[in-house]
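Data first, discussion second: the structure below is written as structure tokens.
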Amino acid sequence: MLPPIVVNAESATATGQLPDKEGQMYVDEKEGLYLIPTAEVPVTNFYRDEILDSDQLPIKRCAYTPCFRREAGSWGAHVRGLNRLHQFDKVELVKWTDAESSMEELEKLRDNVESTLQKLELPYRVLRMCTGDIGFPHAKQYDLEVFAAGQKRWLEVSSCSNFTDFQARRAGIRYRGADGKPVTAHTLNGSGLAVPRVLAAILENHLQADGRVKIPECLQYWMRQEFIGEAK
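Residue numbering for the sequence shown follows the working numbering, starting at 8 and increasing by one per position.
Now the structure itself:
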């Protein structure tokens, strides 16, 4: 999908960005419009106020957009460079499921992100986030982090979450159950992946002794080369 990168307050409220993360969002106060912090917002609202057929589920959508975040209060050396940007590109994966299968679909979503990191040949870890570290719309969340060898620290490159019926209830997204009556859907999303930090991880983890950077095999077809840079 190619969703809009500007949304209204109703869309941001449906997905839980408002009234929680307004300090991180760029807003046109005259129009009441917000630059998206993630494609999750416009994509999730795609089926707003609709009743889906159960045989359509799960619905899966993918979007690649710029994302905009003020990141209020983020200062210091640990957030310089590619670590934290006001604008960055990101692939977003969104699912609409029935109530019974949403947790299973979350595991599949996590597997999708993990397989991408494996193909990029990056050292990574998966964290299951505790209740105190997840946002109020989330029911269960995994964070996936890559190791930045140059910084000797782990950087989050994806977050996979199941919101159960929180977002769908706000957005009026339902499906017809076995008895034909409308049931609130479940929504999930995950980043697959945040581009700047992944680029930094590739450059740092695949740096060779001669100064070149080895391109992961899965990207060599697209870049038409095996290494970046000249050997010294």
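Beta carbons are placed, not taken as given, at the ideal position from N, Cα and C, and that holds for glycine.
Would you report the Cα separation of residue i and residue j, rounded to the nearest angstrom?
{"i": "residue 40", "j": "residue 28", "result": "14 Å"}
{"i": "residue 122", "j": "residue 188", "result": "38 Å"}
{"i": "residue 63", "j": "residue 161", "result": "38 Å"}
{"i": "residue 153", "j": "residue 132", "result": "7 Å"}
{"i": "residue 235", "j": "residue 210", "result": "9 Å"}
{"i": "residue 93", "j": "residue 190", "result": "38 Å"}
{"i": "residue 180", "j": "residue 115", "result": "22 Å"}
{"i": "residue 214", "j": "residue 58", "result": "51 Å"}
{"i": "residue 113", "j": "residue 233", "result": "34 Å"}
{"i": "residue 143", "j": "residue 125", "result": "31 Å"}
{"i": "residue 120", "j": "residue 165", "result": "8 Å"}
{"i": "residue 69", "j": "residue 102", "result": "9 Å"}
{"i": "residue 77", "j": "residue 33", "result": "7 Å"}
{"i": "residue 139", "j": "residue 73", "result": "29 Å"}
Between which two residues does the beta strand (DSSP E) carrying residue i extend?
{"i": "residue 15", "result": "13-15"}
{"i": "residue 152", "result": "147-155"}
{"i": "residue 95", "result": "94-104"}
{"i": "residue 66", "result": "66-75"}
{"i": "residue 131", "result": "131-135"}
{"i": "residue 61", "result": "That residue, residue 61, is in no beta strand (DSSP E); it is neither H nor E in DSSP."}
{"i": "residue 163", "result": "160-169"}
{"i": "residue 41", "result": "40-42"}
For residue i, report the span of its alpha helix (DSSP H) as first-last.
{"i": "residue 118", "result": "109-126"}
{"i": "residue 225", "result": "224-230"}
{"i": "residue 200", "result": "From DSSP, residue 200 is part of no alpha helix (DSSP H) but of the beta strand (DSSP E) over 193-201."}
{"i": "residue 47", "result": "47-51"}
{"i": "residue 175", "result": "173-178"}
If you count every other CB in all the chains shown that lies within 10 Å of the CB of residue i, and 16 or more means buried, which is it?
{"i": "residue 137", "result": "exposed"}
{"i": "residue 230", "result": "exposed"}
{"i": "residue 60", "result": "exposed"}
{"i": "residue 118", "result": "exposed"}
{"i": "residue 199", "result": "buried"}
{"i": "residue 135", "result": "exposed"}
{"i": "residue 9", "result": "exposed"}
{"i": "residue 203", "result": "buried"}
{"i": "residue 26", "result": "exposed"}
{"i": "residue 44", "result": "buried"}
{"i": "residue 127", "result": "buried"}
{"i": "residue 159", "result": "exposed"}
{"i": "residue 228", "result": "exposed"}
Rank the options by C-alpha distance to the C-alpha of residue i and give the top, closest one.
{"i": "residue 105", "options": "125, 182, 149, 93", "result": "182"}
{"i": "residue 177", "options": "165, 166, 192", "result": "192"}
{"i": "residue 172", "options": "147, 166, 115, 233", "result": "147"}
{"i": "residue 23", "options": "47, 37, 13", "result": "47"}
{"i": "residue 196", "options": "130, 107, 175", "result": "175"}
{"i": "residue 184", "options": "129, 107, 144", "result": "107"}
{"i": "residue 20", "options": "9, 49, 38", "result": "49"}
{"i": "residue 150", "options": "11, 169, 223", "result": "169"}
{"i": "residue 163", "options": "145, 186, 129, 194", "result": "129"}
{"i": "residue 155", "options": "207, 194, 139, 145", "result": "207"}
{"i": "residue 5", "options": "74, 56, 167, 157", "result": "The shown model of the chain, from 8 to 239, leaves out residue 5, and the question about it has no answer."}
Please confirm whether any heavy atom of the ligand NAD lies closer than 6 Å to the CB of residue i.
{"i": "residue 57", "result": "Absent from the structure shown: the ligand NAD. Ligands present: none."}
- Message: Would you call the stretch 219-230 in contact with the stretch 97-104, where contact means no fewer than 3 C-beta pairs closer than 8 Å?
- Response: At 8 Å Cβ cutoff, the stretches do not touch.
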